[in-house]
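At the far end of the sequence shown sits residue 237, using full-length UniProt numbering, and the numbering has no gaps.
Glycine is no exception: its CB is placed at the ideal position from the N, C-alpha and C atoms.
This structure is a prediction, so every number in the text was calculated from the model and none was measured.
Remarks on the structure that follows.
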Amino acid sequence: MTDHPRTIFALTGAGVSAESGLGTFRDRGGIWARFDPMRLATPEAYAADPDTVLDFYDHRRRGAVAAEPNAAHVALAQAEARLAARGGRLFLCTQNVDDLHERAGSQAVTHMHGELLKARCCACGAVTPWCADLSRADRCPACGASGRMRPDVVWFGEMPMHLDAIEAALAGADLFVAVGTSGAVYPAAGYVRQAWALGIPTCEVNLEPSDNADAFDEARYGPASAALPRYLAELGL
Ligand code: APR
Ligand code: ZN
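This is the structure:
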C-alpha cells in the first residue's frame with residue numbers, strides 16, 4: 001500500500017463514466033460491438049460520409065450532456081483539491097471525451113482523445129465550444145467556412161493530444177493510477193509500463209482485471225463509484 005503520495009498521475013477511461021450511463025467501448029454490448037469504428041471514427045470515414053459520422057457523434061454528445069458525474073468523478077475532483085492543499089498535484093489524464101470530470105469539479109483535465117463538447121474547423125483549425133448537434137450546414141465561427149466542422153475528438157489513425165504534457169507529468173509522479181480503462185489503446189495503455197520503468201508505484205482501479213492487469217503493482221476491483229473513493233481514502237484523499 002502506497003503511503004500518502006504528493007503527485008498522482010490518474011488515467012481514466014470509459015469505465016469511470018459507465019455508472020453515469022455512458023457506454024464503454026469493449027465490454028459486452030460496448031460501443032465498438034454495436035458500431036464499426038472504421039466507419040465512424042476515422043478521418044476517412046468522415047471524408048466519405050460526414051453526415052453519418054456527425055450523426056454518430058451528435059448522439060454521443062446528447063448522451064454526454066444528459067449524463068451526470070458519479071461518485072468516481074467526484075472523488076477525483078476532491079483528491080485534486082486535497083492534494084493541492086498539501087502542495088501536491090493530481091494530473092488527471094482522461095481518454096474520455098465527455099465533460100463529467102469537469103462537471104464533478106476537477107479543475108485541470110487533460111483530454112488526450114479530445115472533447116465531444118468542442119468542434120473543430122477543418123478549414124482553419126479553430127476549436128470552439130459546441131454542445132448542439134453538428135451538421136454540414138454549420139459555419140465555422142472563426143473563418144465562416146461551411147460544411148467543414150467536425151467534433152474535436154481524436155479518431156483512429158490520428159495523434160492523441162497533449163502528449164508532451166502527459167509524458168512530463170508521468171515522469172514527475174510518485175503514484176500512477178488507472179481507472180476504468182481496458183488498456184487496449186496506445187499510447188495510454190503503455191503508461192503503466194512507463195511508470196514501472198521509472199520506479200513509480202502503480203494501481204489499477206477497474207471493474208475487472210484489464211488487459212494490462214499484470215503490469216500493475218496493486219489493484220482494486222469493483223465499480224469505480226465505490227472502488228475509487230475507497231482507494232483514495234486509503235491514500236488519505
Ligand atoms: N467501474 C470501473 N470500471 C469499469 C466499469 C465500472 N462501472 N464498467 C466498465 N469498466 C471497465 C471495463 O472492465 C474495461 O476494462 O472499464 C474498461 C473500459 O474499457 P474500454 O471500453 O476499452 O474503454 P477505454 O479503455 O476507455 O478505451 C480507450 O479506446 O476506442 C478508443 O477512444 C476510445 O478512449 C477510448 C479508448
Ligand atoms: Zn474555420
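Legend entry - Chain-ordered list of residues that sit, by beta carbon, closer than 6 Å to a heavy atom of the ligand APR: Selection output, chain order preserved: G13, A14, G15, A18, E19, T24, F25, R26, D27, G30, Q95, H113, G180, T181, S182, A184, V185, N206, L207, E208, S210, P223, A224.
Legend entry - A178: CB within 8 Å of a non-hydrogen atom of the ligand ZN: If you check the C-beta of A178 against the ligand ZN, you find no heavy atom less than 8 Å away.
Inset, instruction - Starting from the C-beta of D157, find all residues in its chain whose C-beta is less than 7 Å away, skip the five residues before and the five after it, and write them out in chain order. - result: According to the sequence as given, residue 157 is Gly; it is not Asp. Once the five neighbours on either side are set aside, the close Cβ partners of G157 are T42, P43.
Legend entry - Rounded straight-line distance, which links the Cα of V109 to that of R220: For R220 and V109, the gap between their C-alpha atoms comes out near 23 Å.
Inset, instruction - Counting only the same chain and skipping the five closest in sequence on each side, list residues whose C-beta sits under 6 Å from that of L127. - result: Reading the sequence as shown, one finds Val at residue 127 and not Leu. Counting only residues of its own chain and dropping the five nearest sequence neighbours on each side, V127 has a CB closer than 6 Å to the CB of K118, R120, D152.
Legend entry - Identity of the residue in L90, R62, A47 nearest G23 by Cα: Selected option, being the one with the closest Cα: R62.
Inset, instruction - Whole angstroms is fine: what's the gap from M159's alpha carbon to A165's? - result: Between the C-alpha atoms of M159 and A165 there is a straight-line separation of about 14 Å.
Legend entry - Backbone secondary structure at P229 - three-state DSSP: Looking at P229 - three-state DSSP - the assignment turns out to be helix.
Legend entry - beta-carbon G125 near the ligand ZN non-hydrogen atom, thresh 8 Å: Within the cutoff, so yes.
Inset, instruction - Could you tell me which of P201, G114, A77 sits nearest to L170, measuring between CA atoms? - result: Cα-wise, what sits closest to L170 is P201.
Legend entry - Alpha-carbon spacing of G105 relative to A67, whole angstroms: Approximately 15 Å between the Cα atoms of the pair.
Legend entry - Contacts around S135, its chain only, beta-carbon distance under 7 Å, and the 5 residues preceding and following it disregarded: Taken in chain order, the residues that qualify are L54.
Inset, instruction - Flag G147 as yes when its Cβ comes closer than 8 Å to any non-hydrogen atom of the ligand ZN, and as no otherwise. - result: Because no heavy atom of the ligand ZN lies under 8 Å away, the Cβ of G147 does not count as near it: no.
Inset, instruction - Using only the heavy atoms of the ligand ZN, determine whether one of them is closer than 8 Å to the beta carbon of C203. - result: Not so, every heavy atom of the ligand ZN lies at least 8 Å from the Cβ.
Inset, instruction - Name the residue from L116, Q107, Y186 whose alpha carbon lies nearest to the alpha carbon of R57. - result: Here the sequence assigns Tyr to residue 57, which means Arg is not the residue at that position. Nearest in C-alpha terms to Y57, of all of L116, Q107, Y186, is L116.
Inset, instruction - Could you check if Y231 is buried or exposed, using at least 16 other CB atoms within 10 Å of its CB as the buried criterion? - result: Flag for Y231 reads buried.
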